[in-house]
Every structure is written in structure tokens, then in C-alpha cells.
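Asker: Got a structure here, written out as C-alpha cells. Questions coming.
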RNA sequence: GCGGAUAUGGCGGAAUUGGUAGACGCGCUAGGUUCAGGUCCUAGUGCUCGCAAGGGCAUGGGGGUUCGAGUCCCUCUAUCCGCACCA
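Numbering (my numbering), first residue to last: 7 to 814.
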């Protein structure tokens, strides 16, 4: 059968579908001894077109899913749509199309494209977060969390565009202006809803120890959570008020020469009312854009009229407003110790403040011995901090802070999950009743691109009764951050049609935790922290068992074109759909798998690579075409010719290697090179080999099955051609046979003083002593050791090498 | 500024535990088949000295440990990614 992927692939895909080959079993159908494997990929945003990053992600996930099925696992491999968010609303503003229609169409288009790739998803489990059947449960979780006290309301800054009367997302703000209209954007406080993620900060940190994630991702999360231990300390102001600081270096207290407060600190805001200079400084800091604040290293401050009193010396300390102090970390106030903190030092030098040295040691910024610190002089840093906390009494206490912030989930947008609360004139903010869920998004809205959220224009949505007292009330118009949708979606896959609960515990117990999660490195902190947080909440609600949702994580590298990211603006996009139309799914899958290790960037330099993949598939087809299918059994090993034995040794060694690559190493590019090496070896079996048909049958059957996870369509066709029963994808993964794992002869490499000087062949059974003797007797080696004094001969375990050390 | 990573032929990469560096593929060269071309087949392809046999050098640079280093340690350089100045 000639290799014609474009006509063959759709027929094979239909066969898989007709046989329900991708269906995952519900808990009720699993046997007590069933081995399960949950293969999860990050669900796509339905932008309308798939891109090469999707192709890479889904191909790699599919290889694992298909391999695990062949290894006898029950496999869960679903896909869904992260379908709320900004682009749909932008399309509504720009093209006047309703976000729901735009989204539905995009999902249909992308699904068709993904299905052409032959990915083995159980489409019966497909979910889409924009549907009320899904977002109802976001609301339901919100109510459970409200009841547990995990939801609170507080003010936080938002990007406010006065000209539009709209809140903007960070990505809509470029250089401090609205990206679309160029209108000015300022920071403005707004009351919002929060999930109390910080409640789990310690557990989110310690849990990293029990999961098999890449070290760099774990490190990033550790830094993101950012636990630091120190002390809180209250300074009294001359005016009688108090200001609390957090410090990790209480031992440096005698070195304080100023206090630095955030420009948003209440004390600063209060004195700024009567201090025009200070007010101007604070406004200036607030106007600096996010990017600028990030990359700039300039420390700016403004002295306020406030003065603090040193708790031990009684000295008066100036209080500054400073741009490098953040209101949402610690207490929003820092004690400035210029001699022993780099930033404080820079600040003090700039504003001419004293720099008293109070620690003696190798490194000014590390622990040491206290000097010029009154009764604490002579103590070590740690002992001094303890002693100071004790002496300060209720003015100080040991404390721990985290960088991790609570999760602000309010969005002033239409296309998201409505937050299920009501504003009652009497009762205030009241949660909806569970039986009223879902609170649906209304249809009667206008998408103008200006003014407040479109939800505020829907009368049918706004008017409601207070769930507590029944009075006419106003419905909440904030919607949820879409990270809420993506923080539990993998559990909904397990029970997608359940209308009584988000999912049944029996299903989560049967399938969770996810065995392997593959997705982009860009989600290393945000999504993967939210997801871990949400799972812990689900556990505490009694809905799931275990502490961590994803046992193993792999982060794939980006797909680039000529060294830079593929993007519409650069016009360097290679459309997977066009590649599929020209070369077929198997060639694209093979190339994407082969071109680079999974965690590295993959540069799409041209079509040569995918043409190479097509050539390989053609050669493989030809091997099967040229072979006379036989039912003859493989003869005993001793009856085989040397070449036949060599091929079978290569075959069975490859089985061992590829099994390890797919099962434990997750090294996919080497799976393809292993298949290529094996196909080369099969092709080199001499035409006159005595048991050619039987040996070829044995080798080709196993080769085709191992090809199946990567190039499933070709493998399916070739399997049928070889007389294989049923579907290749349902066949068992080949087992390596011990008899063929060892060749009769072994190659031994001989080194003299570390340089390669000879290669000898010995019987595989040769002992270490025999190998040593053969090496020393080897003709190739003689010129190098003749007449020299042999110092020692090393034969490392395995016996693949003999290292001779000579003098001179 | 802080944090994380990477560096191997013309290119993508392999080397799984410190043990034959460059598997496999792309590209290129030569020959053949077909012949309008692509396709397809065969051989070659790290650099360098040599007619050859064979040698020397070589995993970003320098140093170290070792019988033996792409792999471990120190140091320098370059590049990429992330970020919330984290007290």
C-alpha cells in the first residue's frame, strides 16, 4: 500500500471514533486492580486557530496517552476550552458579534483542526468554561468558600482610564496609556473580591517537596511564595501615633537612620494632605507604569513631617515616603539600616542620611557580631534579635511574611463568570442562594468599549431580590478572573455531565491525582499556584483526596520561527492546518517530536524537517510493502544467521530503550531517533537471509507497534497490512525478550593513558580477567605499550572498556 | 536590579551511572535511476597534518579532580527566559 496520508488518515480516524477507542471509563467500570493514568494538557483558549505550540503540547501528551494504553493502563485523556476572557469581548466591541457566538464558532473551528491531528481525546468529556453548566460550579465554589470565610472584600489598585470610564487589564496598558485609544491610565483603588490564598502559603511551599516537577519551576514557585522570617516592630511617632515595620534583621536596630514608608501608606496619605510637596511626590510614584517600575533601579524618596522615636535610644528618626517600599508586602513600612542593607544604603547616600555601622563581620549585609548597640553589643546577630524581641515586650514580635498575595478575582467585565452576590440596601453584600445558581450572563447588553462593564447596562440582570431579606436589590456586576475556570477544570472532565455537583468524589478518587500534566513554562507561577491552591480548598471541602493535583509536570519549550516567537504582528506564523493539509498528521507529529527535546525551544526553520519525516514514513511503508507476510514462527535463536541475530538484538534493545524513554525519562525526541535507527537496521537485513520472512515479520510487527504512539495513522494501516488483529492502538506494547538482549560478542574499547588506542571483540561471556588479557595482547595496542612500564590496568564494571596506564 | 536556565559539526540534536564525542535527522558533495524537475538509490561529510598507513586537535574561554570529564568542582564570557525593588 503506498503511503498516502492525506487520504488514509481520515478513514483511520473514523475507525477509532466508531470503535470508541479513546473512551475513558467512569469509576463504576474500573476494576479494583485497574491501573489508571491521567494524562492532562493545558486547555486551550479558543482564539480560532490552533498554533504550533498547541500541536507540540498535544502531540507529546498523545504519545504518552497512547503508550500507556498499550502498557495496559486505563487512560484519561480529555480536552476542553478555556473560553471566557478578553479577546471575545474585544471581538464584540470591534465586530459587533456577541462573545458567545464568536466563542462557539472558534471552538468548532479549532476542534476540527485538532481532530485532524489524530489526538486520542475522549471528546465525550469535553468541557467549555463559558457554558452555564460549567460556570455554575465556579459560582457554587465561590459560595462554599464564602461560607468557609475564604472570600473577603478589600480595596486594591486597578488600571483606571478616566477618558473611557473603564478598568483596563495590564496587557491593555502600554506605556501608561490605553493600547487602543492612547488615553491616560492611572492607578485607582477599587473594592474587590479576594480568595484568601495566603491561608495556604505554608502548605503551598512545603507541598513542592512531594511533587515530581522541574526544579526550575519549583524554584520559581518558592520565590513567588517568598516566605521570610523576621520580626514586626512598632515605632512610636513624635505625634503619638505608631508605625509598624517588618524586618528580617532586627539585630541591626541600632543602625536605623530613617524609616521608609510606601507612598500608599495611610500615615503618608494623611500627612500628604497638608504637604503639597509630599502629595506631588506620591502622585508621581503612582503615575509610573508597571514596566518602568520593574526595570528601573532608581530609589526616590521624600521627607515627610513625621518623626519616629528609636525604641532603645530615644533618638528622633526621620520618616520618608519612598518608591521602593510596596504597600502590599509586609507592613508597607521599612526601617532603613543603610550600613547593612544595600537598598537602604543607596537611599541614605542619596539623601545625606547617617550610615552607622552596628554589625562586625565578613560581609556587611550578613549576620555578624553587634557593635555600637548598647547592651546588645558583643552578641551574635541571632542571639541579639532574640534578646531585642524579649526586651521590646509588646512593641515587637517574631513574624513571618510571604510575598504571595491573596487572589484578587474581581473583573469589571462581561465575558466571565458572574460573581454570585447581591448588594442589598439593608443587608449589604449578600451571597446568592445555591438554588438560584447559575446566575446567567444576560443577553440584553451593549458592547461599547467605553464606560463601565456591559453588565451594568442590563436591567434584567441588575434587578433582583435580596437573598436574605427579599428587598429589591442590585446584583453584583463583577465577574470572576478566568484563572478560576482553569483552577479545577481537570476535575470536571472526570464527571462532565453531573448536574448535582461539580464532580462526584468517586470519580476524583478513581482518577486523581493527574499523573502527567504538560503545558507551557509561562504558567510556572500564576496558573500552577492557583490550581494547587484550589485543589487544597477542594480537599478541605471534602471533595477530593490527596494534597497535590499534579504528580508530574513537564513544561515544553516555545515554538519559534527563525529564532523568535511566532506572532501575528511579526507575520511569521506557520499555520498547522496548512501543514496538515500538505503533509498529514503523522509527518507533523513526527517532526514536532523529533526536532527538539520537550523542554527546549523548537525552532521551525523550514519545511526540510517535515519532509524528512515524510521520507521516513515512506521508507517504513516500503519495508512493509516489500515484506511477504507470514504466520511462520520465529526459529530458535541458534538456527538464525549472524545478521538475523544482530537485527533481533537491535530490535529488543530498542524495545528496552524506547520503553524507558516513554515510561520514565519522558524523552520523546530519542524515541523517534530510536525508531529511525531500528528501521535502518531492518532495511539492512540481507535479501538472502535464511529465515528472512519470519524474522522480518517478528521485527516489523514490533516496530509498527512502537511507531504507533508517535505516528498512529501509519502504524494502524501497516499493522493491518501485516495481518495484525484489531487496532494497533489497542495492541500490547512489545515485550523485550531476554534471549536477544545480549549479543554473542562484545566490543571492548582499549585506552592507553586515557587515549583511545584499540577496539577488540571478545565473547560476551568473557570475564574481567579475560578482557584485560585480550586488551594487553591486542595488536593495535602493542605499539603504545611495547617496552613501557605498565602502572595499572583499569576494567570498569560492565567490561566495555579497558584502560591501561603506562609510565612516560 | 533580583531570580531561573542554556552553551556540543554548516543546522536541530545524541551520548540514560564519570567510560568509544558527534547516534538520528536536516543540509551539503559526488555518482546512479528517472529524466523537464522534484522523487528515489549508493557513497562521503567535525577541524587539521599526511600520498597513505596513521597521527594531532576538538563539546563557549581558562584552571582543577580523575586511569579517564560534554558530564563533577572553581572561575570567566556570551546568550535566552521570568519578575511583584520583598525589607
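C-beta: ideal position from N, C-alpha, C; glycine also. Since this is a predicted model, take the numbers as computed values, not measurements.
Report back the beta-carbon spacing between residue 485 and residue 417 to the nearest angstrom; my notes put them in contact at under 8 Å.
Answerer: Right, the Cβ-Cβ distance comes to about 5 Å (below 8 Å), so this counts as a contact.
Asker: Using the C-alpha atoms, what's the distance from residue 141 back to residue 566?
Answerer: Approximately 35 Å between the Cα atoms of the pair.
Asker: Who does residue 192 pair with in a DSSP beta bridge?
Answerer: 166, per the DSSP bridge assignment.
Asker: If you draw a straight line from the C-alpha of residue 684 to the C-alpha of residue 655, how long is it?
Answerer: Between residue 684 and residue 655, the C-alpha separation is close to 10 Å.
Asker: Helix, strand or coil for residue 748, going by three-state DSSP, please let me know.
Answerer: Residue 748: coil per DSSP, three-state reduction.
Asker: Excluding the 5 residues flanking residue 505 on each side, which residues of the same chain have their C-beta closer than 8 Å to its C-beta?
Answerer: Excluding sequence neighbours, residue 505 sits near 139.
Asker: So residue 419 packs on residue 459, CB below 8 Å; how close in whole Å?
Answerer: Confirmed, about 6 Å.
Asker: From residue 533 to residue 412, what does the alpha carbon distance come to, in whole angstroms?
Answerer: Their backbone Cα atoms lie some 14 Å apart in a straight line.
Asker: Would the region 36 to 50 and the region 686 to 701 be scored as touching if the rule is three or more Cβ pairs under 8 Å?
Answerer: Short answer: they don't touch.
Asker: Look up residue 661 in the DSSP assignment and say whether it is helix, strand or coil.
Answerer: Three-state DSSP puts residue 661 in a helix.
Asker: Straight-line CA distance for residue 168 to residue 134?
Answerer: If I take the Cα positions, the gap works out to 34 Å.
Asker: For residue 548 and residue 515, I'd like the C-alpha separation in whole angstroms.
Answerer: Each residue's Cα considered, the two are about 11 Å apart.
Asker: By Cβ distance, which residues of its chain are closer than 6 Å to residue 680, with the 5 residues on each side in sequence left out?
Answerer: The answer, listed in chain order, is 660, 663, 664.
Asker: Using DSSP with H/G/I as helix, E/B as strand and the rest coil, what is residue 535?
Answerer: Helix.
Asker: Within a Cβ cutoff of 7 Å, which residues of the same chain sit near residue 631, ignoring the five residues on either side of it in sequence?
Answerer: Same-chain partners within the cutoff: 7.
Asker: Considering only the alpha carbon of each residue, which of 471, 625, 490, 425 lies closest to residue 482?
Answerer: When each option's Cα is compared against that of residue 482, the closest is 425.
Asker: Find the nearest neighbour of residue 249 within the set 290, 340, 176, judged by alpha-carbon distance.
Answerer: Of the candidates 290, 340, 176, the one whose C-alpha sits nearest the C-alpha of residue 249 is 340.
Asker: What is the residue span of the alpha helix (DSSP H) that residue 24 lies within?
Answerer: Start and end: 11 to 24.
Asker: Buried or exposed: residue 281, going by 16 or more other Cβ atoms within 10 Å of its Cβ?
Answerer: Classification for residue 281: buried.
Asker: Helix, strand or coil: how does DSSP classify residue 461 here?
Answerer: Helix, per DSSP.
Asker: Tell me the DSSP bridge mates of residue 560?
Answerer: According to DSSP, residue 560 bridges with 524.
Asker: May I ask you to report which of helix, strand or coil DSSP gives residue 239?
Answerer: Of the three classes helix, strand and coil, the one that applies to residue 239 here is strand, per DSSP.
Asker: In this structure, does DSSP put residue 794 in helix, strand or coil?
Answerer: Note: residue 794 maps to coil in three-state DSSP.
Asker: In whole angstroms, what separates the C-alpha of residue 229 from that of residue 202?
Answerer: Taking the straight line from one Cα to the other gives about 19 Å.
Asker: Which value, in whole angstroms, describes the spacing of the CA atoms of residue 267 and residue 291?
Answerer: Looking at the two C-alpha atoms, the distance is approximately 13 Å.
Asker: Return the CA-CA distance between residue 392 and residue 337, expressed in angstroms with no decimal places.
Answerer: Roughly 21 Å separates the two Cα atoms.
Asker: Can you tell me whether DSSP reads residue 312 as helix, strand or coil?
Answerer: Three-state result, residue 312: strand.
Asker: In or out: residue 537 buried (at least 16 other Cβ within 10 Å) or exposed?
Answerer: Buried: at least 16 other Cβ atoms inside 10 Å.
Asker: Are the region 761 to 773 and the region 717 to 725 in contact at 8 Å, needing three or more beta carbon pairs?
Answerer: Result no; under three Cβ-Cβ pairs closer than 8 Å.
Asker: Where do the N-terminal and C-terminal ends of the beta strand (DSSP E) with residue 328 fall, by residue?
Answerer: Per DSSP, residue 328 belongs to the beta strand (DSSP E) from 322 to 328.
Asker: Under 8 Å, do residue 121 and residue 56 count as touching if we go by C-beta distance?
Answerer: In this structure, residue 56 does not lie closer than 8 Å to residue 121 by Cβ.
Asker: Which residues mark the beginning and the end of the alpha helix (DSSP H) in which residue 737 is found?
Answerer: Residue 737 -> no alpha helix (DSSP H), and no H or E assigned at all.
Asker: What's the C-alpha gap between residue 76 and residue 713?
Answerer: If I take the Cα positions, the gap works out to 12 Å.
Asker: Evaluate residue 614 with the Cβ neighbour count: other Cβ atoms within 10 Å of its Cβ, from every protein chain shown; 16 or more gives buried, anything less gives exposed.
Answerer: So residue 614 counts as exposed.
Asker: How is the alpha helix (DSSP H) around residue 585 delimited, first residue to last?
Answerer: Unbroken alpha helix (DSSP H) run through residue 585: 582 to 589.
Asker: I think residue 478 touches residue 518, with their Cβ atoms under 8 Å apart; what is that distance to the nearest whole Å?
Answerer: Not quite, the Cβ-Cβ distance comes to about 44 Å (not below 8 Å), so this is no contact.
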